[in-house]
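Visitor: Residues in the sequence shown are numbered consecutively from 52, following our numbering. Glycine residues also receive a C-beta, built at the ideal position from the N, C-alpha and C atoms.
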Amino acid sequence: MKHYKIQITDKALSDMEEIYNYIAEQLLAPEVAMGQYSTK
């Protein structure tokens, strides 16, 4: 199995935080929002 090194850019991290905040605050589903961080 091949191994890869993943680097998350500042822009990608910012996008992830915006997605989390939208799901947690607008959709009122913080558990779902946190689940986005643990998917693959």
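Report the CB separation of glutamine 87 from isoleucine 70 in whole angstroms; it is logged as a contact under 8 Å.
Guide: Correct: roughly 6 Å between the Cβ atoms.
Visitor: Can we count serine 65 as close to the ligand ADP, meaning its CB is less than 7 Å from some heavy atom?
Guide: Judged by which ligands are present, the structure shown has none, so any question about the ligand ADP falls away.
Visitor: Taking the C-alpha atoms as reference points, what is the distance between glutamine 77 and leucine 64?
Guide: About 19 Å.
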